[in-house]
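Participant: The structure that follows is given in the form of structure tokens.
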Amino acid sequence: MSQKFPEVQGGGSLIIAWQAKNKHILVVGGGEVAAGRILHALNADAKVTVVCPADGLNDEVAYRVTQGQVTHIDRTFEPQDLDTADMVLCAIDDPVASTRVWQLCKEKRIPANIADVPPECDFYFGSMHRDGPLQIMVSTNGNGPRLASIVRKKIASTLPNNMGAAIENVGRLRKKLRETAPKVEDGPKRMKWMSAVCESWSLEDLVEMDERDMEGLLAFYESGEIPPFKEIRAQAGGNQDAGANLQDRLSRVDISKSD
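FYI, the numbering used here numbers position 14 of the sequence shown as -6, with every residue one higher than the one before it.
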């Protein structure tokens, strides 16, 4: 029997959102590239150790050391530095030393990135856009980092300025919904209802949504309805204009009647 499945397109990367919180990331080097790597790791709530002689730290890395944001080892890399590492980011101008770090990481099965040496990388960083919980990465798989930056900027320019705030509110609503309907068997309905909210309410609605709006909206979860935002806001504010409510009810989304 012939079936239509997605075509395999080799040569790509497995793009994932790796959860680095509380994981130990070792950064070898203290220059500009290392500073960027350190910031990415700290933004992911990782525990960062920097191994580099003090006179090799640039201003940004030195600042993070003095602020206690990273642990600093004041010397060049030594093999024992890998003993507690979950990931290694190497950014030094010594090809021989960099390759040595890479080889030791391979022996210990530690994922590593050797800056500007694609063959000695288990992963690439790509060009990233961040707006609160929203993260977008563009990768050319080592072929054109500058082009990745151009593509990323074009993508970011099409996004609303308040996208991150909308996503934060959706995350809060989703958490409250899980508390309202915590059972495993509720999963499919929860997903369908949350999807309907995101599709029915505008981005501006999601940004403006507050705690009272969330509680008011969650009251309709069991029935499967998605009232318009202005109706939820009116109820939360005690505004019961009959004409407005009638028009709003006519425009409700009811997921219980959808396919």
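Just so it is clear, CB atoms sit at the ideal spot from N, CA and C, and this is done for glycine as well.
#1: Does the separation of the CB atoms of Pro91 and Gly122 fall below 8 Å?
#2: How is Gln60 classed by DSSP in three states: helix, strand or coil?
#3: How is Asp111 classed by DSSP in three states: helix, strand or coil?
#4: Quick test of your reading: Glu58 and Trp82, contact by CB under 8 Å. State the CB separation rounded to the nearest angstrom.
#5: Let's see if you can read the secondary structure: which residues bound the alpha helix (DSSP H) around Lys172?
#6: Indicate whether the contact test is met: 3 or more Cβ pairs, each with one atom in the segment 4 to 18 and one in the segment 107 to 116, closer than 8 Å.
#7: Note down, in chain order, each residue of its chain lying with its Cβ closer than 6 Å to the Cβ of Arg132, except the 5 sequence neighbours on either side.
#8: Does the beta-carbon of Leu230 have 16 or more other beta-carbons within 10 angstroms, so that it is buried, or is it exposed?
#9: Per DSSP, which residues does Cys32 bridge with? Please list them.
#10: Check the DSSP bridge columns for Lys27 and list the partner residues they point to.
#11: Spatial neighbours of Ile130 within its chain, please: CB distance less than 6 Å, with the 5 preceding and 5 following residues excluded, ordered by chain position.
#12: Label Glu211 either buried or exposed according to how many other C-beta atoms from any shown protein chain fall within 10 Å of its C-beta, with 16 as the threshold for buried.
#13: If you count every other CB in all the chains shown that lies within 10 Å of the CB of Arg55, and 16 or more means buried, which is it?
#14: Below 6 Å CB to CB, which residues in the same chain sit around Met67 once its five sequence neighbours on both sides are set aside?
#15: Out of Pro168, Asn141 and Val177, which has the shortest C-alpha to C-alpha gap to Gly196?
#16: Whole angstroms are fine: how far does the CA of Leu157 sit from the CA of Leu198?
#17: What are the boundary residues of the alpha helix (DSSP H) that includes Val68?
#18: Just the Cα atoms here: how many angstroms apart are Asn219 and Gly16?
#19: In this structure, how does DSSP classify Gln(-11) when only helix, strand and coil are distinguished?
Facilitator: To lay it out plainly:
#1: no
#2: helix
#3: Asp111: strand per DSSP, three-state reduction.
#4: About 15 Å separates the two Cβ atoms, so there is no contact after all.
#5: Gly167 to Ser180
#6: no
#7: Here the set comprises Ser107, His109 and Val118.
#8: Low per-residue confidence applies at Leu230: pLDDT is 43, beneath 50, and the placement is therefore not dependable, though the value from the model is reported in the following sentence. So Leu230 ends up on the exposed side.
#9: Answer is none; Cys32 lacks a bridge partner.
#10: His4
#11: Taken in chain order, the list of residues that qualify is empty.
#12: buried
#13: Answer is exposed; the Cβ neighbour count stays below 16.
#14: Ile5 and Pro91
#15: Val177
#16: 7 Å
#17: No alpha helix (DSSP H) holds Val68; the beta strand (DSSP E) holding it covers Met67 to Cys70.
#18: Here the model assigns Asn219 a pLDDT of 48, short of 50, so the residue's position is not dependable, and the following value carries that caveat. Distance from the CA atom of Asn219 to the CA atom of Gly16, rounded to whole angstroms, is 51 Å.
#19: coil
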